[in-house]
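*Asks:*
Number of protein chains: 2
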Amino acid sequence: VDKINEIAIIGAGNVASNLAVRLHETGANVNQIYSPNLIRSKALAELVNAKAIASFDEIAAATELIIIAIPDDKLASISTQLPKQINCVHTSGSVQFNVLANETRKYGSFYPLQTLTSSQISLDTEIPILLETSHNDFGLQLKELAERFSPSVEFMDSERRKKLHVAAVIVNNFTNHLYSEAQQYCENNELSFDLLKPLILETALKVQNNIPGEVQTGPAKRNDQLVIKDHLKILSDQEELKELYERFTKLIINTQASK
Amino acid sequence: VDKINEIAIIGAGNVASNLAVRLHETGANVNQIYSPNLIRSKALAELVNAKAIASFDEIAAATELIIIAIPDDKLASISTQLPKQINCVHTSGSVQFNVLANETRKYGSFYPLQTLTSSQISLDTEIPILLETSHNDFGLQLKELAERFSPSVEFMDSERRKKLHVAAVIVNNFTNHLYSEAQQYCENNELSFDLLKPLILETALKVQNNIPGEVQTGPAKRNDQLVIKDHLKILSDQEELKELYERFTKLIINTQASK
């Protein structure tokens, strides 16, 4: 495989920052960072020894790959503004890879299936990378690049990536909302949310090696109506949370019954 | 504090097994294990160098503490069958501590706020312990005992413990059900659930040091209606999951709007 080493990044947000740092750490040359927000691009550029650029015209001709990590709705327009010959990928879970298609470049998607925060970049975080490309040789180059920092790299077409993105929303965004509901509830009741943190972590650790449905516990799983009624009484003045409690209790009871 | 060292355990399930092993590891003498299921009590007894007993009459007079880790609805009846003079605690999140009251013993609750599995006992798992007791001196003894294996030990009355248990159900049982829904969805769509495991772990790690509402991400948080509509279309033939998606999307959008 012809290794990719000269990289430019469009964007300086959460995904751009994490990929820039991880690639930089593997020894790749992240040479240029573009963002309409020059303060952000300069901060990220400094972190990975790159140059912040303020215009697409400044993208170096020697660039082997442009990674575009910007909001989904801006991809189509950016694609036409970038140098036509340089190969590029976007990092979106939802957008078709051929939004980047033109007559000369090779293109693809390079989707990190992870929740990434620019203020908390950890080299320990495992970032699965899902690839889709216009050309097989380009795909192999991207795979080699991704495998430098990720143990989990797969090819996946846009339709399947989109489906997987739905599952990611469920286990990440919806789960985080449950955490948020619990945190608000603790605050309202002057209980320490910190006491729940080991439980949150253990719940996530447990499904690393088990099928979630097989390690379910709790009053709904036992169909313990005494405890359930008691809990609903506690939640009686919190409509939203009470409704969530009823909904999940029913879902868990039904799941257990259908086994 | 007069340290507790001679312990008997009633029960041989998930909570009993984890507490027995953790206490044994701290050097406490877990001397006797009772369970109506003698195979289980023998297995656990072997693990902690104790004796499995088949009757409450066999509980040694030198026992300083009986830990009762059995289903909630059996606590009241077991309480009257145990030796009247020996101090005891139950491990329930939902039951009042005075279910164990009589005229002679000191009693309390010793509630591990964690999801515990007997087949996967890890000494690394942090187990917050919530205490409530009839006598202050007994409370201090229990605190000393719990602190041997837990960095997080607090006194909490039954009402507040019950309230915290509701929050525990939300972040543990309901979250696990979301994992389970996602795993089923992946299976139905021939997607690898393994790809989601780093995301699940990172989501739980992120709230160890952040307020959940402040690290929310995703299409609902951005109110990205294009992606949301796309996802609902993908879920159109899966009524249950579609309803969950709509419900959480609405909750997250409302939470963001109320900030």
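For the protein sequence lines, the chains are A and B, in the order given. One point on numbering: in the numbering used here, the residue at position 77 of the first sequence is 77, and numbering is uninterrupted. Plus 259 on top of the position in the second sequence (first one is 1) and you've got the numbering used here. Glycine included, each C-beta is placed from N, C-alpha and C at the ideal position.
(1) Leaving out five residues on either side along the sequence, give the residues of the same chain with a beta carbon under 7 Å from the beta carbon of residue 337 of chain B.
(2) For the region 430-448 of chain B, which residues have a beta carbon sitting closer than 7 Å to at least one beta carbon of chain A?
(3) Interface residues of chain B around residue 230 of chain A at Cβ under 8 Å?
(4) Hey, could you find the ends of the beta strand (DSSP E) residue 310 of chain B is sitting in?
(5) Let me confirm a value: residue 382 of chain B is counted as buried when at least 16 other C-beta atoms fall within 10 Å, else exposed. Which label applies?
(6) For residue 347 of chain B, write down the residues that DSSP places opposite it in a beta bridge.
(7) Are any of the Cβ atoms in chain B nearer than 8 Å to that of residue 70 of chain A?
(8) By alpha-carbon positions, which one of B/371, B/362, B/345 ends up nearest to residue 351 of chain B?
(9) Please report the distance separating the alpha-carbon of residue 461 of chain B from that of residue 203 of chain A.
(10) Can you tell me the Cα-Cα spacing of residue 518 of chain B and residue 486 of chain B, whole angstroms?
(11) Can you pull the chain A neighbours of residue 298 of chain B, defined as C-beta to C-beta under 7 Å?
(12) Could you give the distance in angstroms between the alpha-carbon of residue 313 of chain B and the alpha-carbon of residue 490 of chain B?
(13) Do you know how far the Cα of residue 207 of chain A is from the Cα of residue 174 of chain A?
(14) Taking only runs of the beta strand (DSSP E) that begin and end inside the region 279-320 of chain B, which ones reach a length of at least 3 residues, in chain order?
(15) Using a C-beta cutoff of 8 Å, does residue 377 of chain B count as contacting chain A?
(16) Over the uninterrupted beta strand (DSSP E) stretch that includes residue 155 of chain A, give me the two end residues.
(17) Using only alpha-carbon positions, find the residue among B/364, B/406, B/453 that is nearest to residue 164 of chain A.
(18) Can you pull the chain B neighbours of residue 51 of chain A, defined as C-beta to C-beta under 8 Å?
(19) Using the Cα positions of residue 388 of chain B and residue 500 of chain B, report the straight-line distance between them to the nearest angstrom.
(20) Does any residue of chain A bring its CB to less than 8 Å from the CB of residue 295 of chain B?
(21) Exposed or buried, what is residue 61 of chain A when buried is set at 16 or more other beta-carbons lying within 10 Å of its beta-carbon?
(22) Exposed or buried, which one is residue 190 of chain A when buried takes at least 16 other CB atoms within 10 Å?
(23) Output the distance between the C-alpha atoms of residue 89 of chain A and residue 308 of chain B, rounded to the nearest integer angstrom.
(24) Jot down the residue ranges of each uninterrupted alpha helix (DSSP H) in the region 168-248 of chain A, minimum 4 residues, whole runs only, in chain order.
(25) Could you check where the beta strand (DSSP E) with residue 132 of chain A kicks off and where it finishes?
(26) At a Cβ threshold of 8 Å, is residue 477 of chain B touching chain A?
(27) My output table needs one value for residue 7 of chain A: the three-state DSSP class, helix, strand or coil.
(28) Just the chain A side, please: which residues come within less than 7 Å of residue 270 of chain B by C-beta, in chain order?
(29) Applying a beta-carbon distance threshold of less than 9 Å, which residues of chain A neighbour residue 408 of chain B?
(30) Assuming residue 146 of chain A contacts residue 455 of chain B (C-beta within less than 8 Å), just tell me the rounded distance between them.
(31) I'd like the span of the alpha helix (DSSP H) that includes residue 333 of chain B, first residue to last.
(32) Looking at residue 439 of chain B and residue 377 of chain B, is the spacing between their C-beta atoms short of 8 Å?
(33) Just the C-alpha distance for residue 470 of chain B and residue 137 of chain A, rounded to the nearest angstrom, thanks.
(34) Are the C-beta atoms of residue 248 of chain A and some chain B residue less than 8 Å apart?
(35) Check whether the Cβ atoms of residue 166 of chain A and residue 493 of chain B sit closer than 8 Å, and answer yes or no.
*Replies:* The short version:
(1) 269, 327, 329
(2) 430, 431, 432, 433, 434, 435, 436, 437, 438, 439, 440, 441, 442, 444, 445, 448
(3) 353, 421
(4) Run containing residue 310 of chain B: 310-312, per the beta strand (DSSP E) assignment.
(5) Taking every protein chain shown into account, the CB of residue 382 of chain B has fewer than 16 other CB atoms within 10 angstroms, so this residue is exposed.
(6) B/325, B/366
(7) no
(8) B/371
(9) 12 Å
(10) Taking the straight line from one Cα to the other gives about 23 Å.
(11) Per Cβ cutoff of 7 Å: no residues; residue 298 of chain B is ~21 Å from chain A at best.
(12) 56 Å
(13) 16 Å
(14) 288-293, 310-312
(15) Chain A, which has no Cβ nearer than 8 Å to the Cβ of residue 377 of chain B, makes this no.
(16) 153-155
(17) B/453
(18) Within 8 Å Cβ-Cβ: nothing; residue 51 of chain A doesn't reach chain B, min ~29 Å.
(19) 35 Å
(20) no
(21) exposed
(22) exposed
(23) 60 Å
(24) 175-188, 197-206, 219-222, 225-234
(25) 129-133
(26) yes
(27) strand
(28) From the beta-carbon of residue 270 of chain B, no residue of chain A is found nearer than 7 Å; the closest lies around 15 Å away.
(29) Per Cβ cutoff of 9 Å: no residues; residue 408 of chain B is ~12 Å from chain A at best.
(30) With 8 Å as the limit, residue 146 of chain A and residue 455 of chain B do not qualify as a contact, their Cβ atoms being about 17 Å apart.
(31) Taken as a continuous stretch (DSSP letters only), residue 333 of chain B belongs to no alpha helix (DSSP H), as it is neither H nor E.
(32) No, they are not a contact pair.
(33) 44 Å
(34) For residue 248 of chain A, the nearest CB of chain B lies under 8 Å from its own CB, placing it at the interface with that chain.
(35) yes
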